[in-house]
Amino acid sequence: MHSRLLAPKNLNRIGIAVFLACTLLPLAAGLGYALAYSFGLVGGLSSGFTTMHWVSVLAASETWFSLLLSAGMATAVVAISAVLALAVVLAWGDRLDCGLPGYLVYLPLAVPPLTAAFLTFQWLGQSGMVARIGVALGLLADLEHAPEWINDRWHIGVAATLVALTAPFFTILFLQYRRAENLPQLLQMARTLGASGRQAVWRVATPVLLLRALPNLGLSGIFLFGAYEAPLLLGRQSPRMISVLIAQKFRKFNLADVPQAYALTLLYAGVVGLAAWWIFRRINRMTRS
Amino acid sequence: MKKLLLALFLTVLLLPFVYLPLLSVADHWRYPDVLPPVLSVENWRLALSAAGGIGGNLCLSVLLSAGVAAIVTVGGFVLGKIIAGHSKRARFQAIAYLPFAFSPVIYAYCLQFFFLKADLSGSIAGVLLAQVLLLLPFGILFFSTHWDERLRAMEQLTLTLGGTPRDAWRRVLIPVSRPALLTAFFQSFLLSWFDYGLTSVIGLGQVPTLSVMVWQFIGEANPYFAAIGSCLLVFPPAVLLFINKKIVFRDTI
Amino acid sequence: MMIRKNRYLFVNKVPLPECDKVELRRYVFEFKCWKTVMPKLIFSLVLGLFLLTACTQSGNHSNAPDPLSLSWAELEQQARGSTVRWMMWQGDPLINRYVREYVAPEVQKRYGIRLQIAPGQGTEIVKTLLAEQEAGKTTSALDLCWINGETFFQLRQIEALYGPFAQKLPNSQYIDFENPFIGYDFQQKTEGYECPWGNVQLAAIYDTLRTPQPPRTLADLETWVRAHPGKFTIPYEFTGMTLFKSWMIALASDAHVLDGAFDEKKYADLSGKLWDFINRNKAFFWRKGETFPESLAAMHQMFANGELDFTFSNNDNEVDNKILQGIFPNTARAYVFDSGTIQNAHFIGIPARSANKAGAMLVANFLISPEAQLHKLSPAVWGDGTVLSIPKLPAEWQERFRAVPGRRYAPSRETIQDKALREPAPEYMIRLYEDFRKKVIEQ
Numbered sequence: 021m022h023s024r025l026l027a028p029k030n031l032n033r034i035g036i037a038v039f040l041a042c043t044l045l046p047l048a049a050g051l052g053y054a055l056a057y058s059f060g061l062v063g064g065l066s067s068g069f070t071t072m073h074w075v076s077v078l079a080a081s082e083t084w085f086s087l088l089l090s091a092g093m094a095t096a097v098v099a100i101s102a103v104l105a106l107a108v109v110l111a112w113g114d115r116l117d118c119g120l121p122g123y124l125v126y127l128p129l130a131v132p133p134l135t136a137a138f139l140t141f142q143w144l145g146q147s148g149m150v151a152r153i154g155v156a157l158g159l160l161a162d163l164e165h166a167p168e169w170i171n172d173r174w175h176i177g178v179a180a181t182l183v184a185l186t187a188p189f190f191t192i193l194f195l196q197y198r199r200a201e202n203l204p205q206l207l208q209m210a211r212t213l214g215a216s217g218r219q220a221v222w223r224v225a226t227p228v229l230l231l232r233a234l235p236n237l238g239l240s241g242i243f244l245f246g247a248y249e250a251p252l253l254l255g256r257q258s259p260r261m262i263s264v265l266i267a268q269k270f271r272k273f274n275l276a277d278v279p280q281a282y283a284l285t286l287l288y289a290g291v292v293g294l295a296a297w298w299i300f301r302r303i304n305r306m307t308r309s
Numbered sequence: 007m008k009k010l011l012l013a014l015f016l017t018v019l020l021l022p023f024v025y026l027p028l029l030s031v032a033d034h035w036r037y038p039d040v041l042p043p044v045l046s047v048e049n050w051r052l053a054l055s056a057a058g059g060i061g062g063n064l065c066l067s068v069l070l071s072a073g074v075a076a077i078v079t080v081g082g083f084v085l086g087k088i089i090a091g092h093s094k095r096a097r098f099q100a101i102a103y104l105p106f107a108f109s110p111v112i113y114a115y116c117l118q119f120f121f122l123k124a125d126l127s128g129s130i131a132g133v134l135l136a137q138v139l140l141l142l143p144f145g146i147l148f149f150s151t152h153w154d155e156r157l158r159a160m161e162q163l164t165l166t167l168g169g170t171p172r173d174a175w176r177r178v179l180i181p182v183s184r185p186a187l188l189t190a191f192f193q194s195f196l197l198s199w200f201d202y203g204l205t206s207v208i209g210l211g212q213v214p215t216l217s218v219m220v221w222q223f224i225g226e227a228n229p230y231f232a233a234i235g236s237c238l239l240v241f242p243p244a245v246l247l248f249i250n251k252k253i254v255f256r257d258t259i
Numbered sequence: 205m206m207i208r209k210n211r212y213l214f215v216n217k218v219p220l221p222e223c224d225k226v227e228l229r230r231y232v233f234e235f236k237c238w239k240t241v242m243p244k245l246i247f248s249l250v251l252g253l254f255l256l257t258a259c260t261q262s263g264n265h266s267n268a269p270d271p272l273s274l275s276w277a278e279l280e281q282q283a284r285g286s287t288v289r290w291m292m293w294q295g296d297p298l299i300n301r302y303v304r305e306y307v308a309p310e311v312q313k314r315y316g317i318r319l320q321i322a323p324g325q326g327t328e329i330v331k332t333l334l335a336e337q338e339a340g341k342t343t344s345a346l347d348l349c350w351i352n353g354e355t356f357f358q359l360r361q362i363e364a365l366y367g368p369f370a371q372k373l374p375n376s377q378y379i380d381f382e383n384p385f386i387g388y389d390f391q392q393k394t395e396g397y398e399c400p401w402g403n404v405q406l407a408a409i410y411d412t413l414r415t416p417q418p419p420r421t422l423a424d425l426e427t428w429v430r431a432h433p434g435k436f437t438i439p440y441e442f443t444g445m446t447l448f449k450s451w452m453i454a455l456a457s458d459a460h461v462l463d464g465a466f467d468e469k470k471y472a473d474l475s476g477k478l479w480d481f482i483n484r485n486k487a488f489f490w491r492k493g494e495t496f497p498e499s500l501a502a503m504h505q506m507f508a509n510g511e512l513d514f515t516f517s518n519n520d521n522e523v524d525n526k527i528l529q530g531i532f533p534n535t536a537r538a539y540v541f542d543s544g545t546i547q548n549a550h551f552i553g554i555p556a557r558s559a560n561k562a563g564a565m566l567v568a569n570f571l572i573s574p575e576a577q578l579h580k581l582s583p584a585v586w587g588d589g590t591v592l593s594i595p596k597l598p599a600e601w602q603e604r605f606r607a608v609p610g611r612r613y614a615p616s617r618e619t620i621q622d623k624a625l626r627e628p629a630p631e632y633m634i635r636l637y638e639d640f641r642k643k644v645i646e647q
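Residue numbers (the numbering used here), protein chains in the order written: chain G, 21 to 309; chain C, 7 to 259; chain V, 205 to 647.
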């Protein structure tokens, strides 16, 4: 009996069951509950089935601005970070591969989003370190002339923090690919075959690194889409990124907002699910080819 | 010029690790002072004193994250093998991406009801379970690429040469996978170490990990305490990285 | 040119640069170490987690008899050695220190009660308790919560509060429940479902160096804001909404206009005037009034750094403790607008499903003891106004309360008491939160 239970086939089945119980089950249960709540079927203050909450979520311009802002932010941050990381790796790839610089590149991974947001607040705030240094050096007349980077219209503080968190990750990724793909040799080869320096960078290095990193860039985009800590601390009230909007609906004043928060959660889950599915299909296609 | 730029770039990387300790020993540091007018260890003393209890938060964070990382690593290793060898491998991997891609704080709100039902919210066990649920897919994804043809061939070879499955695990698979196991452990440790959203929602504020405390200090407009918390949050992983950067990071896909 | 292939060492088909060879040797060494360390590490980990989990399990009895049916001595007996979980706003280091370093050790010493603090305020408390009800939990994760006004209103709506317990507390004999600023919460009779803990009045804080003559009326404020663009804003949280209520009353020029139950017509009229006032001036606010700070903490920091010329506090005494902490310059002062500001009490409530109501009552009783109230009154500790009625206290305590070191930077209570306005009904607060967003931020 005991040995039959532990037969490889059964072990696999148990394993798959555990896997599904840890991934699909909680997610499905959570989203199911959210669905029921958003339609007023459950919840302490519900009074039966209603589409009211969905209507108010879908009709609110806030919802769409928020999704748009999150998508825009994710795209911009991924693009800027990729460009920065690429530039760093192509310029200093050799030096960053070992020694002290090789360690320093890894350092930003030790900074969590929370601390990064706090640092941005301390440095880029209107009376922050950057402004103080500016005033001390005589570049700024006074604090009134300091640029607005926190809670600002263009979400510069949020973007800067997210780039600071994402770019180092990309840099390390590119460094690894550079090694795995034998990039220095490839570049040498290209040069001996007569390519100019610029051609070697644009036609060889960039495509090799970017193509291989594409799935990872996509995934980072999905994480950034749901970024929470940095926009919570550094963003403004309207519009706000989707995670912050949902969390506020869960936490802020009107109890009647909770079903709307669940409806928004489902909307967010839909977007993330679609994006993940699309990225995963790409990965599959790439690994096959 | 290139060298100068590189030096500048590396300095920027170091900045948080200089600024945070400085801020943590500063006092009365207001605009327009570029450097703190007063330095004192008073804030550290207050933070570490028994009643302030940031030391307790540190302990809790270390234990919780190590526990989560251990479960995620072992679970991911075993389940990753099963998934990697399964005929529906691609579909399972896609499923594993879903919770992993979800914003932790929103995932937490979706799960809160069930954790309350199971009497798990507001407890360390509950936060541990929630973090495992969030990070196990990460472990599985990590190891499903680790279990490649070569590793399976090794296992087969051991069995063909007369080894028992136990031997295969003990003498071949685990030793060969040790770097990957360590990487997975450190990466999941970091993810758990940094988590704020999930811990605060499932823990109902009663599981005061370091991230939760740092968040609170930031909310108090007490930058000096926030800096102390941040130091404690940032330096342990930095030291781990120093010990071995290669172990801490590996491409997950 | 030759390709310097020999510089690379191939591992798993992945070439590693020269310098990694050294690291490779280190790996091997470390793995050997890990092999011996790992089992011990895992063992201590499991043990540690087990101990931690065991520690958080409180020895509370959920099926204990209702404390209201017990004598105080029996209640003390029942609560001894239990854990009380308290959810409170933790946005101020001095308040946190008062609770962590004074209240917690004292209740531990006196009653053997372990006080566990969890951060959370207002709706977070409501939503935590509501979520517990939804999940059908019979015992709550909370035993005590720090609430007032609209939170009390919402908790009463979902019947999540326990009571009437306030009058059962022996120290409540020193409280004057007829005092409208203490016995009532946002015009609601508390009926013993919460116990007053402190009493404060909203005050504006400014720096005498930067603003020698602060505006004292709304009209003055308008002139001032227009003359100093970017230096004024309103926090989008509890204090800001309380400020709005004071201004609504000012706009009506009748201190009692909002007394009584919520009046939709009055609200529409006065809030209309208020939004009009803000919208016509907000272009001169900080960030052109497009966004507002969401935490008072952030606002205090901006004030301290000179980014803002005003900040606000729900506690008239806060300027003293912020100067003592070195956060505000010692040229900062607090004042109250001529038209007055809201004065209110804040309260302690016990969730209806608390597993340790007896312990919670014991802690609440300590919080309103003359000793704890006196300690809290000192600006160096917290500077929170007492809810005790001094004439009701024993003579020795009366003297000690009168001898409390005075405020140095905040106005004295006597000078602002006649400018104290009563809190309007809670619906005003809830509506202001919503409408400020809709009619100001999103405009």
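Glycine included, every Cβ here is placed at the ideal spot set by N, Cα and C. No experiment lies behind these values; they were computed from the predicted model shown.
{"Item": "If we call anything under 8 Å between Cβ atoms a contact, is L239 of chain C one with S206 of chain C?", "Value": "no"}
{"Item": "According to DSSP, is E227 of chain V helix, strand or coil?", "Value": "At E227 of chain V the pLDDT is 49, less than 50, meaning the model places this residue with poor confidence; the figure from the coordinates comes in the next sentence. Note: E227 of chain V maps to helix in three-state DSSP."}
{"Item": "Smallest Cα separation from A245 of chain G: which of C:P110, C:V74, C:A233?", "Value": "For the sequence presented, residue 245 of chain G should be read as Phe rather than Ala. Answer by Cα proximity: C:P110."}
{"Item": "Rounded to a whole number of angstroms, what is the C-alpha to C-alpha distance between E305 of chain V and A114 of chain C?", "Value": "32 Å"}
{"Item": "With 8 Å as the threshold, decide whether the Cβ of E249 of chain G is near any Cβ in chain C.", "Value": "yes"}
{"Item": "Taking the alpha carbon of W221 of chain C as the point to measure from, which residue in V:R606, V:A322, V:R604 has its own alpha carbon closest?", "Value": "V:A322"}
{"Item": "Please go through the same chain and pick out, in chain order, the residues whose beta-carbon is closer than 6 Å to the beta-carbon of H73 of chain G, but skip the five residues on each side of it.", "Value": "S58, P279, Q280, A283"}
{"Item": "Which of helix, strand or coil does DSSP assign to Q294 of chain V?", "Value": "coil"}
{"Item": "Any beta-carbon of chain C closer than 8 Å to the one on K225 of chain V?", "Value": "Below a pLDDT of 50, predicted positions are generally treated as unreliable, and K225 of chain V, at 49, falls in that range; the measurement from the model is reported next regardless. False, the Cβ-Cβ gap to chain C never drops below 8 Å."}
{"Item": "When we look at the beta-carbon of C223 of chain V and count the other beta-carbons within 10 Å, is it buried (16 or more) or exposed?", "Value": "With a pLDDT of only 42 at C223 of chain V, under the threshold of 50, the placement of this residue in the model should not be trusted, and no figure is reported."}
{"Item": "Out of C:Q137, C:S129, C:K8, which one is the CA nearest neighbour of S71 of chain C?", "Value": "C:Q137"}
{"Item": "Quick check on K469 of chain V: buried or exposed, where buried means 16 or more other Cβ atoms within 10 Å of its Cβ?", "Value": "exposed"}
{"Item": "Can the beta-carbon of F488 of chain V be found less than 8 Å from the beta-carbon of T437 of chain V?", "Value": "no"}
{"Item": "Does DSSP classify N548 of chain V as helix, strand or coil?", "Value": "strand"}
{"Item": "When you check each C-beta in the segment 116 to 150 of chain C against every C-beta of chain V, which residues fall closer than 7 Å?", "Value": "Q118, F119, L122, K123, S127, G128, S129, I130, A131"}
{"Item": "Does I176 of chain G have its Cβ less than 8 Å from a Cβ in chain C?", "Value": "no"}
{"Item": "Starting from the beta carbon of W221 of chain C, find every residue of chain G whose beta carbon is closer than 7 Å, and list them in chain order.", "Value": "L134"}
{"Item": "Hey, does V232 of chain V have any beta-carbon neighbour from chain C nearer than 8 Å?", "Value": "Its pLDDT being 48, under 50, V232 of chain V is placed unreliably by the model, and the measurement read from it follows with that caveat. So no, V232 of chain V is outside the interface."}
{"Item": "For I34 of chain G, count neighbouring Cβ atoms within 10 angstroms of its own Cβ and tell me buried if that reaches 16, exposed if not.", "Value": "exposed"}
{"Item": "L334 of chain V touches chain G at which residues, Cβ-Cβ below 9 Å?", "Value": "G63, G64, L65, L275, V278"}
{"Item": "Looking at the secondary structure, which residues open and close the beta strand (DSSP E) in which R318 of chain V lies?", "Value": "318 to 323"}
{"Item": "Determine contact between the segment 195 to 210 of chain G and the segment 143 to 158 of chain G, defined as no fewer than three beta-carbon pairs at a distance below 8 Å.", "Value": "no"}
{"Item": "Tell me, which residues are paired with V44 of chain C by DSSP?", "Value": "C:D33"}
{"Item": "Could you tell me if I249 of chain C is buried or exposed, where buried requires 16 or more neighbouring beta carbons within 10 angstroms of its beta carbon?", "Value": "exposed"}
{"Item": "Candidates G:Q268, G:D162, G:L203, G:S263: which alpha carbon is nearest V292 of chain G's?", "Value": "G:S263"}
{"Item": "Considering just the uninterrupted stretch of the beta strand (DSSP E) at A408 of chain V, what are its terminal residues?", "Value": "407 to 411"}
{"Item": "At 4 residues or longer, what runs of the alpha helix (DSSP H) sit wholly inside the segment 349 to 424 of chain V?", "Value": "353 to 361"}
{"Item": "What are the boundary residues of the alpha helix (DSSP H) that S81 of chain G is part of?", "Value": "81 to 116"}
{"Item": "Could you spell out where the beta strand (DSSP E) holding R537 of chain V opens and where it closes?", "Value": "536 to 539"}
{"Item": "At a CB-CB cut-off below 7 Å, which residues of chain G make contact with Q654 of chain V?", "Value": "Absent from the model: residue 654 of chain V. The displayed extent of chain V is 205 to 647, so no value can be given."}
{"Item": "Within its chain, find whatever has a CB closer than 6 Å to the CB of L20 of chain C; leave out the 5 residues flanking it on each side and keep chain order.", "Value": "none"}
{"Item": "Residues of chain G with a CB under 8 Å from the CB of V84 of chain C: which are they?", "Value": "G35"}
{"Item": "So with CB distances below 9 Å, who are the chain D contacts of Y37 of chain C?", "Value": "This model lacks chain D altogether; the protein chains it does include are G, C and V."}
{"Item": "Please state whether DSSP places G263 of chain V in a helix, a strand or coil.", "Value": "For G263 of chain V, the predicted structure reports a pLDDT of 45, less than 50, and the residue's modelled location is therefore unreliable. A value from the coordinates is still provided. Three-state result, G263 of chain V: coil."}
{"Item": "Name the chain V residues that come within less than 7 Å of L163 of chain G, Cβ to Cβ?", "Value": "G510, E511"}
{"Item": "Identify the contact partners of F496 of chain V in chain G, using a Cβ-Cβ distance below 7 Å as the criterion.", "Value": "Q257"}
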